DNA sequence: CTGAAAGCGCTTACAG
DNA sequence: CTGAAAGCGCTTACAG
């Protein structure tokens, strides 16, 4: 079962490959309606699909958008992102190519061989990689400080503290995740919380790792117990999941939320809303951000200026827990 | 900044392109150590990476694995899958190419132009597509009944009912998800639950949609209230998330779990474990299944027999809620 | 041990 | 309006 090529289509419709190409690519060249019809019919009948490889070789660029995934689990963000990106790229005949960031091979080998239209990084690239891609005129998009996707970690932490302070809390705990892979994010959010405490004249937040496990969470939470040395009246958690672990830990000690300890999360997840009490949280607007990233990719493809950063990607959603 | 080609490497090291290719691809041909060295050094210095397009054109097959995503959100499964698949494929120099199932263009155009090593479908392909791919000798993997990834929905529902029946429940509710996109799965799980009830001589399960929203869940749950017509003593939920919504709904009515109503979920999520009470659940072993799918892809690549289906991908995890 | 040559399938100047 | 020809970058028989 050999591959059907444009030569086959040409033969079947009694024209040259040139004409086939003109017809199929809607070239500016005028082609007679009868020829057009015959070529299209032949292509359809034979099930012809042009070779992406040959096309890429000829044109010097593939129909691929390379997305370099980070080393950490991105859950909801990844989901929304892939959903939007694959779909919007599809609409333009492009394909999303995923690559795992942990690959030991140099990134340069990848984009040099694949020749993608755009390279999207969910994590910043090395300065050297950035330079090399710029030199090769490869469009690059990273979700760093300026992109809006993974942005504003510090502001998130600060927002949590400001809300807790505004509701009268002074001794604040920070519940960090157990997972080393998100340690970078956690550190940035904690830094934001810390800075806010300093700014507001509050004592340093009491930071603690709280695993997503009831027993371990209960052990961790002891430190914050009203009778303990690290007593706090409120906890800012890395995200809603960690906040739910905090809730479980406090429950194990018979502490009530928000009366004994207030809790504020991040992400505005459905399960945070279903908790008892429903979580007060900072929304990072995953949907908005995923859409924005997709829009950035599209703009980059079209050589247009990047779209304006969405307003207010981070905002507080007040519910019962704080 | 024109592309660096094997010709450049050949020129820089004073040999022919043939020799460059032999060295870089570790051909069976013996090449003198000095030549080898010179070629490798030149390749490194020039930042040479072979063109994937040219290679694919030459060999007739790309280094891509095409993954067709379904129309529904797959959350944890997608996460685990992409994580494992990108990583394991990376290790073999392959790349994961994502495609959105909702694309209106025929799937055939895609695999014909891309010429992937394997096509993985997270949802079954049409019979016509299957046939065409088979004819073109394209390796296909679907996660249907036989694959283990999305398998055994009915068994999952049945397992929930068997557990509830074993703990003395006779009137059982089924909490279906709100999301149309997973309606297929939900129907299969419910069918399994229904069959189990019939087999055990229990009345039909009382099926209800329970949204992931506290107020809506509370409304839905009224039907199951001990004083209502649809009264049940236990609920099997589509998954842990829905089970948490059921918990929230029951809580709103002052009903206690498991004393007034027992609840069993599916997925064994971290947040289900953190709930109050911790959820009894059916584990579908996402990790195991993702790994199995990756193993299937690898086996298909190597032309080996598919790996044995993992034992017991579905099992009950007993905790406090049922 | 190394090189000259063909050919994968496409598109696009260039000629008619 | 249509076609013959070149060339994108690679690998691999085939000759030396």
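Residue numbers (our numbering), protein chains in the order written: chain A, 19 to 340; chain B, 19 to 340. Backbone N, C-alpha and C define an ideal beta-carbon position, used for all residues, glycine too. From a predicted model like this one, the values you see are computed outputs, not experimental measurements.
Practice prompt. Starting from residue 316 of chain A, find everything on chain B with Cβ-Cβ shorter than 7 Å and list it in chain order.
Written response: Under the 7 Å cutoff, chain B gives no residues; its nearest Cβ is about 15 Å from residue 316 of chain A.
Name the residue from A:217, A:193, A:255 and A:122 whose alpha carbon lies nearest to the alpha carbon of residue 226 of chain A. A:193
Locate the beta strand (DSSP E) running through residue 298 of chain A, then write down its first and last residues.
-> 298 to 301
Check whether the segment 307 to 314 of chain A and the segment 275 to 283 of chain A touch, using three or more Cβ-Cβ pairs below 8 Å as the test. no
* Residue span of the alpha helix (DSSP H) that contains residue 311 of chain A, given as start and end -> 304 to 319
TODO: Helix, strand or coil for residue 191 of chain B, going by three-state DSSP, please let me know.
DONE: strand
Q: Say whether chain A places a C-beta atom closer than 8 Å to the C-beta of residue 167 of chain B.
A: Because the pLDDT of residue 167 of chain B is 47, which lies under 50, any placement of that residue in the model is unreliable, and the question is left without a value.
query: In whole angstroms, what is the alpha-carbon distance linking residue 164 of chain A and residue 203 of chain B?
result: Bear in mind that a pLDDT of 48 at residue 164 of chain A, under 50, signals an unreliable position, so the number given afterwards is only what the model happens to contain. Each residue's Cα considered, the two are about 40 Å apart.
For residue 139 of chain B, report the span of its alpha helix (DSSP H) as first-last. Segment 136 to 139 is the beta strand (DSSP E) holding residue 139 of chain B; no alpha helix (DSSP H) there.
- Message: Between the alpha carbons of residue 152 of chain B and residue 126 of chain B, how many angstroms are there, rounded?
- Response: 11 Å
request  = Rounded to whole angstroms, what's the CA-CA distance from residue 290 of chain A to residue 171 of chain A? Just pull it up for me.
outcome  = 19 Å
Between residue 198 of chain A and chain B, is any beta-carbon pair separated by less than 8 Å? no
If we count the other Cβ atoms within 10 Å of its Cβ and call it buried at 16 or more, is residue 321 of chain B buried or exposed? exposed
> Going along chain B, which residues have a C-beta under 7 Å from residue 243 of chain A?
Replying inline: By Cβ distance, chain B contributes nothing, its closest Cβ being about 19 Å from residue 243 of chain A, past 7 Å.
Tell me which same chain residues have a C-beta within less than 7 Å of the C-beta of residue 120 of chain A, skipping the five on either side of it?
89
I want to see whether chain B comes within less than 8 Å of residue 131 of chain A, judged by CB atoms only; does it? yes
Could you tell me the alpha carbon to alpha carbon distance between residue 57 of chain B and residue 71 of chain A, rounded to whole angstroms? 26 Å
- Task: Give the DSSP-derived three-state secondary structure of residue 36 of chain A in the structure shown.
- Result: helix
Margin query: Measuring straight from C-alpha to C-alpha, what distance separates residue 67 of chain A and residue 302 of chain A?
Written below: 42 Å
- Query: Taking the alpha carbon of residue 100 of chain A as the point to measure from, which residue in A:29, A:228, A:176 and A:140 has its own alpha carbon closest?
  - Reply: A:140
Quiz item: Would residue 88 of chain A count as contacting chain B if we go by Cβ distances under 8 Å?
Solution: no
Check your understanding: Between residue 185 of chain B and residue 274 of chain A, what straight-line distance do the alpha-carbon atoms span, to the nearest angstrom?
Key -> 32 Å
Legend entry - Per-residue DSSP class, three states only, for residue 163 of chain B: Residue placement at residue 163 of chain B is poorly supported in this model, since its pLDDT is 47, which falls under 50; the coordinates are not used for a value here.
Exercise. Which first and last residues belong to the alpha helix (DSSP H) in which residue 128 of chain A is found?
Worked result: 125 to 132
Exercise for the section: Use the C-beta contact count for residue 131 of chain A: other C-beta atoms within 10 angstroms, 16 or more gives buried, fewer gives exposed. Expected result: buried
Using the three-state DSSP reduction, which class does residue 218 of chain A fall into: helix, strand or coil? helix
Partners in chain A for residue 141 of chain B, counting only beta-carbon separations shorter than 9 Å: Within chain A, no residue comes near residue 141 of chain B; the closest Cβ sits about 14 Å away, beyond 9 Å.
Contact set between residue 80 of chain A and chain B, taken where Cβ atoms lie within less than 7 Å: 71
* To do: Have a look at residue 54 of chain A and residue 60 of chain A and give me their C-alpha separation to the nearest angstrom.
  => 10 Å
Any C-beta of chain B under 8 Å from that of residue 104 of chain A:
yes
Quick one: is residue 68 of chain B near chain A, going by C-beta distance under 8 Å? yes
Collapsed DSSP secondary structure at residue 99 of chain A in the structure displayed: helix
Kindly list, in the order they appear in chain A, the residues whose Cβ is closer than 7 Å to that of residue 271 of chain B. The contacting residues do not exist; residue 271 of chain B stays about 13 Å from chain A at best.
Measuring alpha carbon to alpha carbon, tell me which of A:253, A:234, A:259 and A:296 ends up nearest residue 270 of chain A. A:234
If you follow the beta strand (DSSP E) that residue 82 of chain B is in, where does it begin and where does it stop?
82 to 87
Beta-carbon proximity check, residue 117 of chain B vs residue 159 of chain B, cutoff 8 Å = no
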